[in-house]
Amino acid sequence: MPNILITNFCNRNCPYCFAKAQVKLGTTVSDWEMSEEEYDTVLSYLDPARDIVSILGGEPTLHSSFGKYIDKVYKMGFKIKIFTNGATKNLREIAHLKDSENLLIILNLNEPDTYNSSEWKEIETNFETFGDKIALSFNVYQPEFNWQFLKDAIIRFGLYTNIRLGVAQPIQVINNEYLREKDLKRTMTRIVDMAQDMAPFGISLGFDCGFRMCDFTDEQLGTLIQCGTVPMFKCGPNLDIGPNLDVWRCFPFSLEKGEKLTDYNSLSDLIDYFNNDWMKTKKIDNSKCNACNNYSIDSCAGGCLSRKIVE
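Residues 96 to 406 in our numbering are what the sequence shown lists, from first letter to last.
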């Protein structure tokens, strides 16, 4: 399932931002938006019976045709995921779809004191509007992090009861804040504490890509599963497709020259390219993983590929 970046603009400036290489802060203009013709081209590679349309940015609701683009894929019968910071009223352009089983909004929420009052008001209004169509997303970029505000929001507004959890990873060339190697194990211990605190409220965690199995003990993995979390340790081509139909393996490598979507017959061909020819161009330190049984049987991908190159 590729990610479709319909705009490179964002109204926020998160220190850990995985899209920092592509994001431009400011007001959307046509040069940084995906045109409808480009959007239609991306959709031609997808099948409503098989694929989910995953919409990102930047901040996708800043696209001048955001509502129109979402309505289009809804009418085509696609399931839709929208990744947003939720801090604009524009999200409510699709409020008429709030009862659809085909819509899920992934709202990335930082600590409340990082927002101004108008941004927080918009977020809470969107919570009230969409309710359990909103699943919270949280990116961990510091070992000591707070999760109480996530639990409070889910309970207060009746949001979806699974939180997408990401670990901030390094971006090639551009500096962003991310968890350092020395902090990973103690951060994972805190994540287990978070899962245990959430479980009595029926809230579970969902791991995004880049987690590493060896950063948890066997006991911690068992605790996560008991708390309703299914640990995932994947790292593969995500296929981020931006304006002008440039395609990258994933955001940490998006400063590289992208492949052109239209040079490939299918998304499978692109995945094969990034898994094979593209990988041959990289110098990757796999010394910590080669002797690991979980790595050899593909139970764990060994963590984020960008981390293996940087550190």
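Yeah, the Cβ is synthetic: ideal placement off N, Cα and C, and Gly gets one too.
Quick check on the burial criterion: 16 or more other C-beta atoms within 10 angstroms. Buried or exposed for residue 264?
As a position in the sequence shown, residue 264 is number 169, starting the count at 1. By the neighbour-count rule (16 or more Cβ atoms within 10 Å), residue 264 is buried.
Would you call the CB atoms of residue 335 and residue 98 closer than 7 Å?
The residue labelled residue 335 in the question sits at position 240 within the sequence shown. The residue labelled residue 98 in the question sits at position 3 within the sequence shown. Yes, the Cβ-Cβ distance between residue 335 and residue 98 is below 7 Å.
Beta-carbon proximity check, residue 329 vs residue 230, cutoff 7 Å:
Walking along the sequence shown from the start, residue 329 turns up at place 234. Walking along the sequence shown from the start, residue 230 turns up at place 135. The Cβ atoms of residue 329 and residue 230 do not sit closer than 7 Å to each other.
What does DSSP give as the partner residues of residue 168 in its beta bridges?
Here the question's residue 168 lines up with position 73 in the sequence shown. Looking at the DSSP assignment, residue 168 forms no beta bridge with any residue, so it has no partner.
Is it right to say residue 150 is buried, meaning 16 or more other beta carbons lie within 10 angstroms of its own, or is it exposed?
Looking up residue 150 in the sequence shown gives position 55. Buried, since its Cβ has 16 or more Cβ neighbours within 10 Å.
Going by DSSP in three states, residue 341 sits in which element: helix, strand or coil?
Within the sequence shown, numbered from 1, the residue matching residue 341 stands at position 246. Looking at residue 341 - three-state DSSP - the assignment turns out to be strand.
Once the 5 residues before and after residue 234 are set aside, which same chain residues still bring their CB inside 6 Å of it?
Residue 234 sits at position 139 when you count from the first residue of the sequence shown. Closer than 6 Å at the Cβ level, and outside the excluded window around residue 234, lie 111, 261, 263.
Is it the case that the stretch 277–292 contacts the stretch 368–376, given that we only count it when at least three CB pairs across the two stretches are under 8 Å?
no
Touching by the beta-carbon criterion (3+ pairs, under 8 Å), the stretch 135–150 and the stretch 163–170:
yes
Counting only runs of 4+ residues fully inside the stretch 265–336, write out the alpha helix (DSSP H) ranges in chain order.
279–293, 313–321, all fully within the stretch 265–336.
Beta strand (DSSP E) segment containing residue 149, residue limits
For this step, residue 149 is matched to residue 54 along the sequence shown. Residues 147–151.
For residue 342, count neighbouring C-beta atoms within 10 Å of its own C-beta (all shown protein chains included) and say buried if the count is 16 or more, exposed if not.
If you number the sequence shown from 1, residue 342 lands on position 247. Classification for residue 342: buried.
Roughly how many angstroms separate the alpha carbons of residue 193 and residue 225, rounded to a whole number?
Translated into the one-based positions of the sequence shown, residue 193 becomes position 98. Translated into the one-based positions of the sequence shown, residue 225 becomes position 130. Going from the Cα of residue 193 to the Cα of residue 225 covers about 6 Å.
Are at least three pairs of beta-carbons, each pair with one atom in the stretch 355–363 and one in the stretch 274–285, less than 8 Å apart?
no
Taking the straight line between their C-alpha atoms, what separation do you get for residue 270 and residue 96?
Sequence index remark: in the sequence shown, residue 270 carries index 175 (1-based). Sequence index remark: in the sequence shown, residue 96 carries index 1 (1-based). The alpha-carbon atoms of residue 270 and residue 96 are separated by roughly 27 Å.
Which residues in the same chain have their Cβ closer than 8 Å to the Cβ of residue 404, if we skip the five residues on either side of it in sequence?
As a first step, residue 404 must be located in the sequence shown, where it is residue number 309. Correct list, in chain order: 267, 377, 378, 379, 380.
Those residues which DSSP pairs with residue 232 across a bridge:
Position 137 of the sequence shown, counted from the first residue, corresponds to residue 232. 203, 259.
Residues in the same chain with beta-carbon distance under 6 Å from residue 222, minus the five sequence neighbours each way, listed in chain order, please.
Reading the sequence shown from its first residue, position 127 is the one you call residue 222. 252, listed in sequence order.
Which of the three DSSP states is assigned to residue 178 in this structure?
Position 83 of the sequence shown, counted from the start, is the residue given in the question as residue 178. Strand.
Grab the span of the beta strand (DSSP E) containing residue 99 for me, first residue to last.
Mapped onto the sequence shown, residue 99 falls at position 4. Per DSSP, the continuous beta strand (DSSP E) segment holding residue 99 begins and ends at 98–100.
Under the three-state DSSP convention, the category residue 352 falls into
Indexing the sequence shown from 1 puts residue 352 at position 257. In this structure, residue 352 counts as coil in the three-state DSSP scheme.
What residues match up with residue 198 in a beta bridge as DSSP calls it?
To locate residue 198, count along the sequence shown from 1; it is residue 103. Paired residues: 175.
Looking at the unbroken alpha helix (DSSP H) that takes in residue 215, where does it start and where does it end?
Sequence index remark: in the sequence shown, residue 215 carries index 120 (1-based). Per DSSP, residue 215 belongs to the alpha helix (DSSP H) from 212–225.
According to DSSP, is residue 154 part of a helix, a strand, or is it coil?
On the sequence shown, residue 154 is found 59 positions in, with the first residue counted as 1. Note: residue 154 maps to coil in three-state DSSP.
Cutting at 7 Å between CB atoms, please list the residues of its own chain near residue 249, excluding the five before and the five after it.
In the sequence shown, the residue the question calls residue 249 occupies position 154. Contacts found: 231, 256, 298.
Can you check which of these residues, 279, 138, 139, is closest to residue 398 by C-alpha distance?
If you number the sequence shown from 1, residue 398 lands on position 303. Cα-wise, what sits closest to residue 398 is 279.
So the candidates are 319, 400, 134; which of them puts its Cα closest to the Cα of residue 374?
Here residue 374 refers to the residue found at position 279 of the sequence shown. Out of 319, 400, 134, 400 has the C-alpha closest to the C-alpha of residue 374.
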